[in-house]
Amino acid sequence: MFDTTKMNAADALLEAQKIAFAPIVFQCARLLRDWGIFELLQNNKNGLSLEDISKKLDISMYIVQILCESGFSMGALKLNDDIYTITKIGYFLQNDEMTRVNMDYNHDVNYKGIFYLDEALKTRKPTGLHKTFSKDEDTIYPILTKLPKEAKDSWFNFDHFYSDAAFVDLIKIMSKKGIKNLLEPGGNTGKWSIALTKASPETKITILDHQGQIDIAMNNAKANDVEQKVKGIAIDLLDHSIPFPKDYDGVWMSQFLDCFPPKDIIELLIRSRDSLTEDGRVYIVEPFWDKQSHEIGSYCLINTSPYFTALANGTSKMYRASEMEKFVHEAGLEVEEEINGLGFGHTLMICKKSNNIL
Ligand SMILES: C[S@@+](CC[C@H](N)C(=O)[O-])C[C@H]1O[C@@H](n2cnc3c(N)ncnc32)[C@H](O)[C@@H]1O
Numbered sequence: 005m006f007d008t009t010k011m012n013a014a015d016a017l018l019e020a021q022k023i024a025f026a027p028i029v030f031q032c033a034r035l036l037r038d039w040g041i042f043e044l045l046q047n048n049k050n051g052l053s054l055e056d057i058s059k060k061l062d063i064s065m066y067i068v069q070i071l072c073e074s075g076f077s078m079g080a081l082k083l084n085d086d087i088y089t090i091t092k093i094g095y096f097l098q099n100d101e102m103t104r105v106n107m108d109y110n111h112d113v114n115y116k117g118i119f120y121l122d123e124a125l126k127t128r129k130p131t132g133l134h135k136t137f138s139k140d141e142d143t144i145y146p147i148l149t150k151l152p153k154e155a156k157d158s159w160f161n162f163d164h165f166y167s168d169a170a171f172v173d174l175i176k177i178m179s180k181k182g183i184k185n186l187l188e189p190g191g192n193t194g195k196w197s198i199a200l201t202k203a204s205p206e207t208k209i210t211i212l213d214h215q216g217q218i219d220i221a222m223n224n225a226k227a228n229d230v231e232q233k234v235k236g237i238a239i240d241l242l243d244h245s246i247p248f249p250k251d252y253d254g255v256w257m258s259q260f261l262d263c264f265p266p267k268d269i270i271e272l273l274i275r276s277r278d279s280l281t282e283d284g285r286v287y288i289v290e291p292f293w294d295k296q297s298h299e300i301g302s303y304c305l306i307n308t309s310p311y312f313t314a315l316a317n318g319t320s321k322m323y324r325a326s327e328m329e330k331f332v333h334e335a336g337l338e339v340e341e342e343i344n345g346l347g348f349g350h351t352l353m354i355c356k357k358s359n360n361i362l
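Those letters in the sequence shown? Residues 5 to 362, by the working numbering.
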């Protein structure tokens, strides 16, 4: 993370104000993007006055002034002689896909619920979920497909943006392994199952997930002509008394184990181990915050953890690779190979059965 030791007091105080005003700056940046001001300034390289912006977008001078002045303070806009131009920060807020996906997810899924982080942390219950989306659920996962449209779209866009990028690299690795039967807990909308069964004709995949996700996955498999190779089983994976189906030569868990606290991760890994053939492997795909090549990745991942507390389940987080290695070990598995830097910074941990069962 960025080195604050050489920062003078005034700079540090300014950074502290950026944090203190972060929710307000966030909303202004979002509206500068969504109400077309960034785009307009991007298309007018010589810049525009407040009056020009107001006229061209047909929005009031008051709105333009509030938003542009905040944009200037956050470094997204430059102001010279009453003329606003867009900066590199504004450019990324407008055009960078990762920034867009993160912003939508934080607005549509997290913004209201994160207000209750204190209660969620203390009770280890997703208080933000209960106050904003559903009073009755223990986790967000059974109701993912029933969330309000914006929240649902932004949740899936966020999830898929990161896993899709990793899947491009992972398909090249996994399609060479000749896997016949792969079990995929947390297979979600079937993106991985469809991609791998297309790339690797000998592979069949069984997805385990909640009913809503299984329904979407099976529809997607059908639309992609792989319904003969992709099977879906609706299950609550937190019920550890239900064993996984047996005789799989691989268990694939992508962006899945971070949905659980350590004790459940270990139980899920034990159930995965028990479903393997003798020389089968457990494949864990996760973006670990200590394995990122740039602090951008660590920053996003570390600050995704409070979503898990307030909105998702009250108990899980984004982990470090060393934590996951410990869980793997405790489940009677050992890491055979670790491949880092996939997509935007995912790691593939390939685990085999260990002889040292704890
Ligand atoms: C973060 S998504 C990962 C999706 C996908 N594997 C990927 O890489 O993009 C986690 C998935 O695990 C499923 N899941 C989480 N908890 C579950 C539970 N208790 N029972 C069944 N499925 C669960 C969710 O429904 C969701 O589809």
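Where is the CB? At the ideal position from N, CA and C, for every residue including glycine.
For the pair of segments examined, the region 219 to 227 was found not to touch the region 249 to 263: the number of CB pairs separated by less than 8 Å stays below three. For the 8 Å CB-CB criterion, Ser-197 and Ile-209 form a contact. Of the other Cβ atoms in all chains shown, 16 or more fall within 10 Å of the Cβ of Gly-318; this residue is therefore buried. Along the length of the region 227 to 310, whole alpha helix (DSSP H) runs at least 4 residues long occupy 266 to 278, 299 to 306, reported in chain order. By the Cβ rule, the region 166 to 180 counts as touching the region 337 to 347, because three or more pairs are nearer than 8 Å.
Within the region 33 to 75, the complete alpha helix (DSSP H) segments of 4 residues or longer fall at 41 to 47, 54 to 61, listed in chain order. For Thr-8, the secondary structure class from DSSP, reduced to helix, strand or coil, is coil.
Look at His-111 here: in three-state DSSP terms it is helix. A residue is called buried once 16 or more other Cβ atoms fall within 10 Å of its Cβ, and His-298, having fewer, is exposed. Within the chosen limit of 7 Å, ligand 1 reaches the beta carbon of Trp-196 through at least one heavy atom. Within a 10 Å sphere around the beta-carbon of Pro-130 sit 16 or more other beta-carbons, which makes this residue buried. A residue is called buried when at least 16 other Cβ atoms come within 10 angstroms of its Cβ; Ala-238 does not meet this threshold and is exposed.
The beta-carbon separation of Met-353 and Ile-306, rounded to 20 Å, does not stay under the 8 Å limit for a contact. In this structure, DSSP gives Asp-122 a helical state, which the three-state scheme calls helix. Distances from the CB of Gln-46 to the heavy atoms of ligand 1 are all 7 Å or more. By the beta-carbon neighbour count (other beta carbons within 10 angstroms, threshold 16), Gln-259 is buried. Listed as beta-bridge partners of Asp-86 by DSSP are no residues whatsoever. Assigned with DSSP and collapsed to three states, Ile-198 falls in helix. Contact between the region 39 to 50 and the region 94 to 107 is established, with three or more Cβ pairs separated by less than 8 Å. Our two residues, Ser-358 and Gln-296, have alpha carbons roughly 28 Å apart in a direct line.
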